[in-house]
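Engineer: I have a structure here, written as structure tokens, and I will follow up with some questions on it.
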Amino acid sequence: LFVNTAKKNKKKSSSAPDKDYGLAEPLIDTILPEELEIKKNCFLNKLKTVNLHQLNLDTRDQSGNQKWFQERKKRLTASKFGDICKMRQNTSCKRQVHAIIYKPQIKTKELTHGIEMESYGRKKFEDVSGLSVETC
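This note's numbering puts the first residue of the sequence shown at -1, with every later residue one more than the last.
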């Protein structure tokens, strides 16, 4: 009745970056407060000098645009903010920051389907509502 009852060993995949590949930097155990302050101010100043109107134009295709991904990594998105708000008292801040910065892009069949069907959905909405939708 049950010919093949042996369990298949599934290889566990890691969502963490490979230690030998990619942009993940090792967690720094100690950093001088002065050095941290300098790096923080430099990073914040770079964000302040960005021309937001030009950035909006340059990243219109969003998920199909590499610059959009690069710029998004520098900012606190709603989902990242949610992760921070849900942190427990014993959650490592250092590890949470590392997870936010180096989290790999999620690519599921549902997301791919949504991206592929977006133009169809936009057109259907325009037909039903009588409104014009500008792509961004």
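Quick reminder that beta carbons are idealized off the backbone N, C-alpha and C, glycines included.
How long is the line joining the alpha carbons of R122 and K38, rounded to whole angstroms?
Structural biologist: The amino acid occupying residue 122 in the given sequence is Lys; Arg does not appear at that position. Between K122 and K38, the C-alpha separation is close to 46 Å.
Engineer: Just how far apart, CA to CA, sit R120 and I82?
Structural biologist: 33 Å
Engineer: Is the distance from the Cβ of I99 to the Cβ of K65 below 8 Å?
Structural biologist: no
Engineer: Candidates E69, Q103, K84 and G128: which alpha carbon is nearest F41's?
Structural biologist: E69
Engineer: Return helix, strand or coil for M85, following the three-state DSSP convention.
Structural biologist: coil
Engineer: On the DSSP letters alone, give me the boundaries of the alpha helix (DSSP H) that S117 sits inside.
Structural biologist: K107 to S127
Engineer: Which class does T133 belong to by DSSP, given the choice of helix, strand or coil?
Structural biologist: coil
Engineer: With a cut-off of 8 Å on the beta carbons, I'd call K63 and T57 a contact; round off their distance for me.
Structural biologist: Position check: residue 63 holds Asn in this sequence, whereas Lys was assumed. Here N63 really is in contact with T57; their C-beta atoms are around 5 Å apart, less than 8 Å.
Engineer: For L30, which three-state DSSP category applies?
Structural biologist: coil
Engineer: Have a look at A76, S90, D59 and H96 and flag the residue whose alpha-carbon is nearest the alpha-carbon of E132.
Structural biologist: For E132, the nearest C-alpha among the options comes from D59.
Engineer: Out of curiosity, what's the CA-to-CA distance linking V95 and G128?
Structural biologist: 44 Å
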